[in-house]
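Visitor: I'd like to ask some things about the structure below.
Numbering (my numbering), first residue to last: 363 to 740.
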């Protein structure tokens with residue numbers, strides 16, 4: 363085996379992509395010391411997206427203070443790549459679930475800081491922004507970000523306010539006349555790791571809000587708010603966002619990015635693979651190792667493993683998926699180009715214990731795979 367390409371996503375709560383790459387590389391080189399191992403940690407829009415782009419392409423991480431999910435000041439960042447012509451923003455940096463601790467409540471959280479990051483990057487003169495939609499604590503349809511960029515939301519009394527998930531139904535009018543001029547001629551590509559619509563049974567609230575802290579009553583209120591927002595966007599901006607694939611990403615930020623920023627909604631992993639010139643880098647690889655925390659039916663919507671596998675299939679390169687958990691109904695992944703799936707969960711233990719074992723278990727899993735390949739004289 364002459365060349366192995368590593369493109370794992372993070373195992374959330376356990377290891378980041380760079381750590382995973384290091385462990386994989388050590389295990390591979392123990393058995394194939396002459397192999398060329400190329401590591402390209404990837405993310406599909408959530409935490410780690412900025413670092414993934416910077417590691418793959420070089421660039422600068424810009425640190426900045428912005429509003430956090432509860433309107434408090436937080437330290438955040440964005441990345442500058444391609445000689446400063448492009449910026450990479452992950453909304454999780456200022457509106458991510460880990461920032462909430464035990465205070466999870468999508469009825470009161472905001473994406474205002476995301477708009478501040480966009481404004482700061484645009485002020486640097488970038489021509490394109492790659493906006494990662496993942497890991498959010500919010501359900502405000504991107505209204506907070508829009509407000510930070512000059513779009514006004516008015517209630518029935520004509521008073522301006524910044525909508526959060528629980529107050530979307532208060533919106534009586536959307537006024538985009540004072541939208542920041544920095545957004546003119548700025549291309550925005552929103553990285554979505556899901557294709558859910560804005561509202562309804564498969565929408566942002568019903569599918570994702572419970573993991574952000576919403577109870578049954580809260581989910582219904584959030585869903586009603588997103589429906590109302592879609593109606594206001596259609597009436598005031600002339601855009602239909604409800605059934606747009608990915609509009610439900612990040613608590614409806616997909617819809618907001620499209621409506622307020624003119625963003626394209628794209629599979630996050632596809633944006634990453636295009637940026638790192640995957641086809642050129644991978645064309646002489648003998649094997650690709652990728653992975654994510656759990657491979658399940660949601661993965662088929664186009665998360666990291668499937669995105670990598672589809673590209674590799676066209677090049678005729680085998681792909682091994684090294685994952686935490688394996689869900690049911692995932693047989694379709696093999697048709698997409700995955701050659702085999704290997705779980706690192708070597709013992710049936712709770713996640714609290716499994717996460718502590720994960721580096722060792724990952725190393726043993728890759729070691730086991732390499733031993734098998736050696737027996738085949740691969």
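Where is the CB? At the ideal position from N, CA and C, for every residue including glycine.
Roughly how many angstroms lie between the CA atoms of residue 698 and residue 624, to the nearest whole one?
Guide: So the alpha carbons of these two residues sit roughly 31 Å apart.
Visitor: Under 8 Å: do the stretch 641-658 and the stretch 601-621 share three or more Cβ pairs, one atom per stretch?
Guide: They do not touch, by the three-pair rule.
Visitor: Please list, in chain order, all residues of the same chain as residue 589 whose beta carbon is under 7 Å from its beta carbon, the five residues on each side excluded.
Guide: These residues qualify, in order along the chain: 561.
Visitor: Nearest by alpha-carbon distance to residue 563: which of 376, 377, 591 and 604 is it?
Guide: Per the Cα distances, 604.
Visitor: Could you check what DSSP says for residue 717 in three-state terms: helix, strand or coil?
Guide: Residue 717 falls in the helix class under three-state DSSP.
Visitor: In the DSSP output, what is residue 440 paired with across the bridge?
Guide: BP columns for residue 440 point to 424.
Visitor: What's the C-alpha gap between residue 655 and residue 393?
Guide: Their backbone Cα atoms lie some 25 Å apart in a straight line.
Visitor: Are the Cβ atoms of residue 631 and residue 404 separated by less than 8 Å?
Guide: Yes. Within cutoff.
Visitor: Figure out for me which residue from 427, 634, 434 and 531 has the closest Cα to the Cα of residue 415.
Guide: Of 427, 634, 434 and 531, the residue nearest in Cα terms is 634.
Visitor: Who pairs with residue 379 in a beta bridge, going by DSSP?
Guide: Looking at the DSSP assignment, residue 379 forms no beta bridge with any residue, so it has no partner.
Visitor: With distances taken between CB atoms, is the gap from residue 447 to residue 489 smaller than 8 Å?
Guide: It is a contact, given that the beta carbons lie within the stated cut-off.
Visitor: I need the boundaries of the beta strand (DSSP E) containing residue 372, first residue and last residue.
Guide: No beta strand (DSSP E) holds residue 372; DSSP gives it neither H nor E.
Visitor: Can you tell me which of the three DSSP states residue 390 falls into?
Guide: Looking at residue 390 - three-state DSSP - the assignment turns out to be helix.
Visitor: Along the beta strand (DSSP E) that carries residue 704, what are the first and last residues, could you check?
Guide: Where residue 704 is concerned, the enclosing beta strand (DSSP E) stretches over 702-705.
Visitor: Nearest by alpha-carbon distance to residue 380: which of 653, 552, 701 and 668 is it?
Guide: The residue with the shortest Cα to Cα distance from residue 380 is 653.
Visitor: Quick one: grab the DSSP three-state call for residue 476.
Guide: Reduced to three states, the DSSP call for residue 476 is helix.
Visitor: Would you kindly work out how many angstroms separate the C-alpha atoms of residue 691 and residue 629, rounded to a whole number?
Guide: Going by the C-alpha atoms only, they are around 21 Å apart.
Visitor: With distances taken Cα to Cα, identify the nearest neighbour of residue 515 among 532, 426, 374 and 738.
Guide: Among 532, 426, 374 and 738, the Cα nearest to that of residue 515 belongs to 532.
Visitor: At 4 residues or longer, and completely inside the stretch 535-588: list those alpha helix (DSSP H) runs for me, N to C.
Guide: 566-570, all fully within the stretch 535-588.
Visitor: Three or more C-beta pairs under 8 Å: does that hold for the stretch 446-461 against the stretch 489-499?
Guide: Yes, since at least three Cβ pairs between the stretch 446-461 and the stretch 489-499 fall closer than 8 Å, the two stretches touch.
Visitor: Starting from residue 414 and walking both ways along the beta strand (DSSP E), at which residues does that stretch end?
Guide: Note, residue 414: premise wrong, no beta strand (DSSP E); alpha helix (DSSP H) at 411-419.
Visitor: With a CB to CB cut of under 7 Å and the five nearest residues on each side skipped, what residues in its chain are close to residue 658?
Guide: Excluding positions up to five away in sequence, the list reads 689 and 692.
Visitor: What is the DSSP secondary structure of residue 514, reduced to helix, strand or coil?
Guide: Strand, per DSSP.
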